[in-house]
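Asker:
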Amino acid sequence: MAYECILTERVGDGALKTGLIRLNRPKQMNALNDQLMDELGQALLAFDADAGIGCIVLTGNEKAFAAGADIAAMKDYDFSHTYRSEYISRNWETMRRVRKPVIAAVAGVALGGGCEVAMMCDMVIAADNAKFGQPEITIGVVPGAGGTQRLPRAIGKAKAMDMVLTNRWINAAEADAWGLVSRVVPADKLMDEALGVAEKINGLGQISVMAAKEAVNRAFESSLSDGLWYERRLFHAMFGTADQREGMAAFIDKRPAKFER
Ligand code: CO8
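Numbering (the working numbering), first residue to last: 25 to 285.
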């Protein structure tokens, strides 16, 4: 499939590959317009449905993961248009449907919708030059794709309010300390690290990987007792898989496991 605003490729040497998606509007700092978000949604769903792909890595370029929603495109929208067309949810919710792990590799700015897209991913790996912010308040709006909801869950109310109300940007070290990102690495090692993490996950049992992602995400959608019940049911279900038998037998036999492919 030919895309105009993103680049895609399959990466890796193992039986399961990584689906790599690069946001590719460099002149606009990867500002997110409808076409880009439509293409991103299509690419995510295509990799998710591809039995040869274990993990997806989403990245930008060295200056920008994404500088937010495309302001030039949305400046003339009115309430009627945004409401009727369900601006944002038409193509911004796709990430939630992806069952395989999605890793954001963030260098440069992740602002507004860019920060929100990173937060939709399952893990965020940041280059040491990464900057995160929610500047919507400075252009007369509020975050619209999860900034007021996922940010406080990630870093707590006090820090989230600071970022959302004052347009405070944080650097990679702060994002790491505050729990917004999983790891920080030197900028020139970003893709090696993200693809290495993906490759590690690709080597595991796919059913348990998808179930683990589902269970962690459930923690944000349910009470503790419901979440614990859900986790326990998934744990029990794993005993119906060949990967459970192989994984445990391999441990006992002191050999690498050969999971189903
Ligand atoms: N939209 C459109 N164009 C952009 C955007 C953007 N968000 N960000 C940068 N650009 C363009 C600039 O207009 C400029 O274009 P040109 O060369 O034609 O003038 C080019 O990218 C380079 O930008 P700068 O010259 O400004 O480069 P600097 O290095 O000086 O600054 C910054 C880079 C810091 C990223 C700066 O451009 C900036 O502050 N950008 C805007 C950041 C912002 O406010 N983002 C939030 C947008 S609102 C949002 O994301 C709401 C999300 C809600 C949910 C989703 C709804 C769809």
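C-beta atoms are modelled at their ideal positions from N, C-alpha and C, and glycine is treated no differently. Treat the numbers as computed from the prediction; the structure is a model and nothing was measured.
Mind checking which residues open and close the alpha helix (DSSP H) that includes residue 33?
Answerer: As a position in the sequence shown, residue 33 is number 9, starting the count at 1. Here residue 33 belongs to no alpha helix (DSSP H); instead the beta strand (DSSP E) covers 30-35.
Asker: Starting from the C-beta of residue 214, find all residues in its chain whose C-beta is less than 6 Å away, skip the five residues before and the five after it, and write them out in chain order.
Answerer: Here residue 214 corresponds to residue number 190 of the sequence shown, with the count starting at 1. Excluding sequence neighbours, residue 214 sits near 129, 131, 151.
Asker: Excluding five sequence neighbours on each side, which residues of the same chain lie with their C-beta closer than 6 Å to the C-beta of residue 157?
Answerer: For this step, residue 157 is matched to residue 133 along the sequence shown. Within the same chain, residue 157 has close Cβ partners 135, 193.
Asker: Would you list the residues sitting across from residue 41 in a DSSP beta bridge?
Answerer: Against the sequence shown, residue 41 aligns to sequence position 17. Answer is 77.
Asker: Specify whether the segment 30-41 and the segment 62-75 touch according to this definition: at least 3 beta carbon pairs, one from each stretch, less than 8 Å apart.
Answerer: At 8 Å Cβ cutoff, the stretches touch.
Asker: Go to residue 237, then tell me how far its alpha helix (DSSP H) extends in each direction, as first and last residue.
Answerer: Taking the sequence shown and counting its residues from 1, the one referred to as residue 237 is at position 213. Taken as a continuous stretch (DSSP letters only), the alpha helix (DSSP H) holding residue 237 covers 230-242.
Asker: For residue 174, I'd like the list of residues in its chain whose CB is within less than 6 Å of its CB, leaving aside the five on either flank, ordered along the chain.
Answerer: Position 150 of the sequence shown holds residue 174. Closer than 6 Å at the Cβ level, and outside the excluded window around residue 174, lie 143.
Asker: Based on DSSP bridge pairs, tell me the residues matched to residue 208.
Answerer: Taking the sequence shown and counting its residues from 1, the one referred to as residue 208 is at position 184. Answer is 150, bridged to residue 208.
Asker: Along the beta strand (DSSP E) that carries residue 133, what are the first and last residues, could you check?
Answerer: To locate residue 133, count along the sequence shown from 1; it is residue 109. Unbroken beta strand (DSSP E) run through residue 133: 133-135.
Asker: For residue 264, count the other beta carbons within 10 Å of its own beta carbon; 16 or more makes it buried, fewer makes it exposed. Which is it?
Answerer: What you label residue 264 is simply residue 240 of the sequence shown in a count that begins at 1. With fewer than 16 other Cβ atoms within 10 Å, it is exposed.
Asker: Give the secondary structure of residue 283 by DSSP, where H, G and I count as helix, E and B as strand, and everything else as coil.
Answerer: Position 259 of the sequence shown, counting from 1, holds the residue named residue 283. In this structure, residue 283 counts as coil in the three-state DSSP scheme.
Asker: Measure the C-alpha to C-alpha separation of residue 329 and residue 164 and round it to an integer number of angstroms.
Answerer: A query on residue 329 cannot be resolved here, the shown segment of the chain reaching from 25 to 285 and no further.
Asker: Between residue 196 and the rest of its own chain, which residues show a CB-CB distance below 6 Å, the 5 nearest in sequence each way excluded?
Answerer: Counted from its first residue, the sequence shown places residue 196 at position 172. Closer than 6 Å at Cβ, skipping near neighbours: 150, 152, 154, 208.
Asker: Is residue 209 close to ligand 1? I mean its beta-carbon at under 6 Å from any heavy atom of the ligand.
Answerer: Reading the sequence shown from its first residue, position 185 is the one you call residue 209. Residue 209: no, Cβ never under 6 Å from ligand 1.
Asker: Give me the Cβ distance between residue 171 and residue 140, rounded to the nearest whole Å; I'm assuming they're in contact under 8 Å.
Answerer: Here residue 171 refers to the residue found at position 147 of the sequence shown. Here residue 140 refers to the residue found at position 116 of the sequence shown. About 5 Å; that satisfies the 8 Å criterion.
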